[in-house]
Amino acid sequence: VGQLPLSNKVFKINHRSGFTGLTKDETYYYAASYSSIYQIKKKDFSLKKIISNQLMSDLHGICIYKKKLFHVLTGLDTVVITNLDGRIIDFFSVTRKLKILRDQSILRYDWRFINKNHKGASGFYHINFISIKDNEIWLTCRNLNSFIVVNLKKNSVELRTMNLITTSLIHD
Numbered sequence: 001v002g003q004l005p006l007s008n009k010v011f012k013i014n015h016r017s018g019f020t021g022l023t024k025d026e027t028y029y030y031a032a033s034y035s036s037i038y039q040i041k042k043k044d045f046s047l048k049k050i051i052s053n054q055l056m057s058d059l060h061g062i063c064i065y066k067k068k069l070f071h072v073l074t075g076l077d078t079v080v081i082t083n084l085d086g087r088i089i090d091f092f093s094v095t096r097k098l099k100i101l102r103d104q105s106i107l108r109y110d111w112r113f114i115n116k117n118h119k120g121a122s123g124f125y126h127i128n129f130i131s132i133k134d135n136e137i138w139l140t141c142r143n144l145n146s147f148i149v150v151n152l153k154k155n156s157v158e159l160r161t162m163n164l165i166t167t168s169l170i171h172d
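Here it is as structure tokens:
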């Protein structure tokens with residue numbers, strides 16, 4: 001379910017196979033793959049549906065909150081919010097100046113078909129993990145060894161460092 005490709009492109013087998021993120025609600029597990037999210041019944045581990053849209057690429061951490069799926073388009077440092085059928089409800093990027101930016105131009109591309117040109121970090125922050133606590137979206141920032149905390153109600157972004165003595169790589 002979700003969105004078909006923007007053009008007549010065919011999904012090819014991606015060299016990045018397996019699940020890269022996992023979350024759950026009362027009834028289902030949600031497992032992220034490179035360009036989709038699998039909704040799996042807890043009761044019998046059967047596949048209910050595969051959710052995909054044009055802003056799903058190189059998925060890592062995913063989160064479900066108030067019946068919405070949250071994931072990150074890592075290469076663009078963009079948080080994407082969808083319904084449980086993959087319809088994009090909202091998205092925003094975190095700029096280098098720690099501002100929220102809703103740039104509609106990213107919707108011109110089907111990011112599922114744009115692969116990383118290299119192995120390793122992409123984007124300025126390389127956001128991987130996503131979690132929501134008390135209406136704040138917590139993101140891990142691999143490149144700056146910190147957390148990014150977004151409050152959409154206040155339209156604010158804050159960088160919170162976690163280790164100033166030694167460097168450590170934050171990844172899922």
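Residues in the sequence shown are numbered from 1 upward in steps of one, following this note's numbering.
Quick reminder that beta carbons are idealized off the backbone N, C-alpha and C, glycines included.
Under the DSSP assignment, GLN39 falls in the beta strand (DSSP E) whose first and last residues are 37-41. The C-alpha of GLY75 lies about 12 Å from the C-alpha of ILE106. Judged by DSSP in its simplified three-state form, LEU22 adopts strand. DSSP places ARG160 in the uninterrupted beta strand (DSSP E) bounded by 156-161. Beta bridge pairing from DSSP links GLY2 with SER52. In this structure, PHE70 is the residue among ILE100, PHE70, ASN155 with its C-alpha nearest to the C-alpha of ILE132. Beyond the five residues adjoining it in sequence on each side, GLY86 comes within less than 7 Å, by CB distance, of VAL1, GLY2, GLN3, ILE51, SER52, ASN53 in the same chain, given in chain order.
Here the alpha carbon of ARG160 sits roughly 31 Å from the alpha carbon of ARG112.
The DSSP assignment places complete beta strand (DSSP E) segments of no fewer than 3 residues inside the segment 84-127 at 88-94, in order along the chain. The continuous beta strand (DSSP E) containing THR140 extends over residues 136-141. Residue range 68-73 is occupied by the beta strand (DSSP E) that includes LEU69. In the three-state reduction of the DSSP assignment, LEU47 falls in the strand class.
For THR78, the enclosing beta strand (DSSP E) covers residues 78-82. Secondary structure note for TYR28: its beta strand (DSSP E) is the uninterrupted segment 28-32. Residue pairing by DSSP places PHE147 opposite THR140, ARG160 in a beta bridge.
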